[in-house]
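Just so we're aligned: the sequence shown equals residues 3 to 297 in the working numbering. From the three backbone atoms N, C-alpha and C, an ideal C-beta is built for every residue, glycine too.
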Amino acid sequence: MVKHQTDPTKKYYSGKFPKQYQNPPGLQKDMKPKPDCGEESYRGTGQLEDKKILITGGDSGIGRAAAIAYAREGADIALNYLPEEQADALEVKELIEKEGRRVFLIPGDLSNEAFNQQMVKEAHDKLGGLDVLALVAGMQQSVEDITGLTTEQLRRTFSVNVFSLFWTVKAALPYLEKGASIITTTSVQGYNPSENLLDYASTKFAINGFTRGLAKQLGPKGIRVNSIAPGPIWTALQISGGQPQEKIPEFGQGVPLQRAGQPAELAAMYVYLASDKSSYVTAQVYGITGGIELA
Ligand code: NAD
Ligand code: MG
């Protein structure tokens with residue numbers, strides 16, 4: 003094969019994944035194989051020099067890939083995650099500090115409204131401003147039948163995936179200046195819901211609506227709002243109840259590119275939407291799906 007080109011079907015792990023269950027939210031450091039968040043590969047080119055960025059779900063998976071990329075592009079970071087994910091978050095902290103960038107850890111539960119407000123204030127105060135919200139945190143628990151879906155899970159999924167976006171954005175607006183960018187994280191599930199992910203898929207449909215409506219509201223204020231829709235990406239979310247264990251070995255193999263994606267493959271899009279290069283882009287959803295259509 004020519005050197006300047008990579009076969010996308012073979013660029014990352016394309017074999018079967020071993021079954022492995024962890025209680026949610028799961029720790030990436032105990033996964034086999036470990037997700038690739040660009041720890042060794044992401045190279046920055048100064049695209050986000052001195053931007054101040056709050057990332058939710060930044061300890062692992064897609065949020066970690068965004069955090070590493072943002073730091074290597076020159077940004078300072080406030081990083082939110084759940085307290086039980088401290089071990090993963092500390093790895094990210096070390097990677098960011100290695101870049102000579104500042105990072106502030108803000109652990110806490112996004113299903114709690116007051117915490118969202120505290121988090122935003124703390125991020126703003128410690129960073130000395132706020133330019134970008136990269137809202138990546140989310141929860142997903144597979145339930146085969148609607149009769150087995152508890153009200154507790156239903157409320158929690160909506161609180162973490164949807165309500166926290168409202169709470170965070172409301173708290174952040176007084177701080178955001180013209181040129182700010184808000185990035186939400188939806189899913190292919192927000193277009194084509196699986197039968198076992200009713201609550202989760204419904205939240206992703208809601209995120210699509212939130213993103214587009216908010217973009218119209220904030221456009222005249224010079225604030226852009228976009229979303230990224232991942233396909234099957236190898237992360238802790240999937241092995242901690244996001245999928246039934248019997249679906250883990252072949253996870254992702256049904257897409258046209260025939261393998262699961264890695265978080266590192268989403269980083270460039272989180273960077274683009276945060277950067278001033280996307281100055282004419284708002285109210286959009288970008289799919290990074292291995293070939294699943296967003297329709
Ligand atoms: P991940 O488990 O590595 O990251 C999700 C993060 O969400 C966790 O690390 C955790 O910090 C955070 N989180 C969950 N509940 C929280 C709570 N109550 N309070 C605070 N933080 C909480 O998995 P990921 O796949 O990287 O997930 C990131 C985003 O990508 C999620 O929004 C998910 O829905 C979305 N997504 C993932 C896939 C996939 O296949 N992995 C596909 C489509 C969309
Ligand atoms: Mg995590």
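What span of residues does the beta strand (DSSP E) with A80 cover, start to end?
Position 78 of the sequence shown holds residue 80. Boundaries of the beta strand (DSSP E) around A80: D78 to Y83.
Cα-Cα separation between E96 and S277, rounded to whole angstroms
Looking up residue 96 in the sequence shown gives position 94. Looking up residue 277 in the sequence shown gives position 275. As the crow flies, the alpha-carbon of E96 is around 24 Å from that of S277.
Any C-beta of chain B sitting closer than 8 Å to the C-beta of D147?
Although the question refers to chain B, the structure presented lacks it and comprises just one protein chain.
Exposed or buried, L216, counting other C-beta atoms within 10 Å across all chains shown (16 or more means buried)?
Taking the first residue of the sequence shown as 1, we reach residue 216 at position 214. Classification for L216: buried.
Between the alpha carbons of L151 and P246, how many angstroms are there, rounded?
Your numbering for residue 151 matches position 149 in the sequence shown. Your numbering for residue 246 matches position 244 in the sequence shown. The alpha-carbon atoms of L151 and P246 are separated by roughly 15 Å.
For a test of the three-state rule: what should DSSP assign to P37, helix, strand or coil?
What you label residue 37 is simply residue 35 of the sequence shown in a count that begins at 1. P37: coil per DSSP, three-state reduction.
Please determine if the stretch 253-270 and the stretch 211-225 are in contact, where contact requires at least 3 C-beta pairs separated by less than 8 Å.
Touching, no.
So which of A139, A174, T186 and T149 has the shortest CA-CA distance to R158?
For the purposes of this step, residue 158 is taken as the residue at position 156 of the sequence shown. Nearest option by C-alpha distance: A139.
Reference K53; option with closest CA among E75, G17 and P232
For the purposes of this step, residue 53 is taken as residue 51 along the sequence shown, with counting starting at 1. K53 has its Cα closest to that of E75, out of E75, G17 and P232.
Going by the C-beta, is E346 closer than 7 Å to any heavy atom of the ligand MG?
With the chain covering only 3 through 297, there is no way to say anything about residue 346.
DSSP three-state assignment for I209, whether helix, strand or coil
Start at 1 with the first residue of the sequence shown, and residue 209 comes out as number 207. For I209, the three-state secondary structure derived from DSSP is helix.
Report back the beta-carbon spacing between P10 and M141 to the nearest angstrom; my notes put them in contact at under 8 Å.
Here residue 10 corresponds to residue number 8 of the sequence shown, with the count starting at 1. Here residue 141 corresponds to residue number 139 of the sequence shown, with the count starting at 1. That pair is no contact at about 29 Å.
Let me know if L178 comes out buried or exposed under the rule of 16 or more other beta-carbons within 10 Å of its beta-carbon.
Your numbering for residue 178 matches position 176 in the sequence shown. Residue environment for L178: buried (at least 16 other C-beta atoms within 10 angstroms of its C-beta).
In the structure shown, what three-state DSSP assignment does S144 receive?
Translated into the one-based positions of the sequence shown, residue 144 becomes position 142. Reduced to three states, the DSSP call for S144 is coil.
Report buried or exposed for I148, applying the criterion of at least 16 other Cβ atoms within 10 angstroms of its Cβ.
On the sequence shown, position 146 is the one that residue 148 refers to. By the neighbour-count criterion, in which 16 or more other beta carbons inside 10 Å mark a residue as buried, I148 falls on the exposed side.
Looking at the structure shown, is R226 part of a helix, part of a strand, or coil, going by DSSP?
Walking along the sequence shown from the start, residue 226 turns up at place 224. Residue state, collapsed to three classes: strand.
Taking the continuous alpha helix (DSSP H) assigned at S166, which residues delimit it?
On the sequence shown, position 164 is the one that residue 166 refers to. Residues S166 to A174.
Leaving out five residues before and five after V122 in sequence, what residues of the same chain have Cβ atoms less than 8 Å from its Cβ?
Residue 122 sits at position 120 when you count from the first residue of the sequence shown. L56, L132, T170, A173, A174 and Y177.
Selected residue, minimal CA-CA separation from M271, among I184, R214, Q260 and Q191
Position 269 of the sequence shown, counting from 1, holds the residue named residue 271. Here the closest residue by C-alpha is I184.
Let me make sure I understand the geometry here. Which of S280, G254 and V273 has the alpha-carbon closest to that of G292?
If you number the sequence shown from 1, residue 292 lands on position 290. Nearest C-alpha to G292 among S280, G254 and V273: G254.
Measuring from the CB of S62, is there a heavy atom of the ligand MG at a distance below 7 Å?
Translated into positions along the sequence shown, residue 62 becomes position 60. Answer for S62: yes, Cβ within range of the ligand MG.
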